[in-house]
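These notes concern the structure reproduced below.
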Amino acid sequence: MKGPILFLGVGGSGMSSLAHMSIDLKIPVIGYDKKSSEATNFLKERGITLYHLIEEIPLEGIQMVVYSSAINDKHKEVFSRIKDLGIPLKHRSEFMHLLVSNQKSISVAGSHGKTSTTTMVSQILTEMGFDPTIMIGGDTSLLDKRGGKIGFGSFAVYESDESDGTFLKHKANYRLLTNIDNDHLDYYKTRNNLEDAFFEYMGFHSPGETVLFVGDEGIQSVLQSKYKEFSFHKDFHLNLLVTEEILEKKWFSTLQNKWETQITTILYKIRNDVLEFTINGKTYPLQLPYPGVHYLTNGLVAVICAYRLGIPPEEATKILSRYIGVKRRQEILGTWQETTVIDDYGHHPTEIKMVIQSLKQKNKGKGNLHVIFQPHRYTRTQLLLEDLAKSLLDADSLYLLPIYSAGETQIPGISSTSFLPFLNATVTTLLDGNLNSNLETIKPHLRPGDILLCLGAGNVRDWGVALVSENKKSN
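In terms of the UniProt record's numbering, the sequence shown has 447 at position 447, counting the first letter as 1, and numbering is strictly consecutive.
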């Protein structure tokens, strides 16, 4: 047996998924992460050796080192030791491609909705008996807390993360794109750079297929600005998901007419929480167990991908009518005295606005929506401060936790207090981050029929879990 693979930053969602997939292949795994977590504890249960001090890791005999973008200049000494020993060093995106190199790959990208869409495609393929390899950046019952698994069918489905540009290394056979929005501008610096990267991801010069949700304004913007530059690979096929309004735009008709034989156009519309789409003259309804237009449009991307793989739309829509969901995406944690407590990972203005709007619509006439929001990263807060604040305005009451740093150094002048000038119309309370005293501040305002939403990518979920646990103990 070859030596183990070392994962640096093994507690991260992408890295832990890859570690689980390696275990599936009977590869010995060593992991490093500076702190323990639910993810690292589960990996230990599956047999990995875990280190919390990087200098204590024995490097002799290791066959490969896999690292994430979270491993940076602070670890120069370890990287130097690894190179001196001649151990292959792979970024997680490179290693993932090694794992799926013998399968046809399906890549899911987008500023929002990657995890949900990847889960939807995976659920369809799994229930249809395809036994796919799956890598998802979230916790879903499909994977039983693992984030990734090796399947032995023909396909591999995975998220493509644009945050550090490594998604451009993914040479997938099928590329799905849900939307393009202003995020990770700390890496891309400008909107133009971000759009250029997504345009490259679309893969017009490569063989394979791309599914674009053209109902998204960001994707429309890129297509409209770039369509004169398009030259398709002879073995490339483009699937465009559009509305009647998009069909009438000059740039779209020019694009469609120029490469008619290489384009499939799917027309859709949404009404009364049902998305209807038409393929080959036949119309199909799509309805999901979760509220929100964004879930429906993500579902459409998944259904069209499945259709291009040979799965009939009626089968795919039937499967998604019982979509299993993902932890931390409108996840109901429980109740506190007849107030429903929900947790959601949303941390970008567009995500936040969609979640709040869908829950307000769902709870219309029943009660108020209270939001505990935890800003994520100082850089994101600085770059998107006003947009973040405006996305929260529809909350009936708002509680602001301190910024979750995610390891970043604090930026002078940037804190949760920075939101207040943009929130005059919303009842807002600043919290100090002390969980128990914060809950005592919030509880008197909760009424039967209300929703309390814990919102953010940090540990804001803990506030909701504690509240629900308190309710269970008192009953």
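Quick reminder that beta carbons are idealized off the backbone N, C-alpha and C, glycines included.
Being a predicted model, the structure only gives us computed values, none of them experimental.
- In the DSSP assignment, the residues bridged to R271 are V274.
- Residue burial annotation: L143 is buried, with at least 16 other C-beta atoms found within 10 angstroms of its C-beta.
- Residues of the same chain with a CB within less than 6 Å of the CB of E338, apart from the 5 flanking positions on each side, are P448 in chain order.
- Distance from the CA atom of K353 to the CA atom of S391, rounded to whole angstroms, is 5 Å.
- Beyond the five residues adjoining it in sequence on each side, K269 comes within less than 7 Å, by CB distance, of T243, E276 in the same chain, given in chain order.
- Contact annotation: V66 and K34 have beta-carbon atoms that are not nearer than 8 Å.
- Around the C-beta of L194, 16 or more other C-beta atoms lie within 10 Å, and the residue is accordingly described as buried.
- Taking each of V326, K360, Q361 in turn and checking the Cα distance to D344, the smallest one comes out for V326.
- Remark: C-beta atoms of L455 and V371 approach each other more closely than 8 Å.
- Counting the other Cβ atoms within 10 Å of the Cβ of P421 gives fewer than 16, which makes it exposed.
- The beta carbon of D181 lies closer than 6 Å to those of S111, G218, T350 in the same chain, with the five residues before and after it left out.
- Within a 10 Å sphere around the beta-carbon of F155 sit 16 or more other beta-carbons, which makes this residue buried.
- Between the beta-carbon of P402 and that of G433 there is about 5 Å, and that keeps the pair under the 8 Å contact cut.
- Only buried fits P375, as 16 or more other CB atoms lie within 10 angstroms of its CB.
- The beta carbon of T428 lies closer than 7 Å to those of L398, L400, L420 in the same chain, with the five residues before and after it left out.
- DSSP places V108 within a strand segment (E or B) once states are collapsed to three.
- Where R175 is concerned, the enclosing beta strand (DSSP E) starts and stops at 174-177.
- Buried is the label assigned to S68, since at least 16 other Cβ atoms lie within 10 Å of its Cβ.
- Residue pairing by DSSP places F236 opposite G208 in a beta bridge.
- Going by C-alpha positions, C305 is about 26 Å away from K228.
- With respect to the C-alpha of N436, the residue from V465, P312, I150, V211 having the closest C-alpha is V465.
- The shortest CA-to-CA distance from K189 to any of L388, L384, S469, L446 is the one to L384.
- Beta-bridge pairing by DSSP links K228 to no other residue.
- L6 is positioned such that its CB atom lies closer than 8 Å to that of I62.
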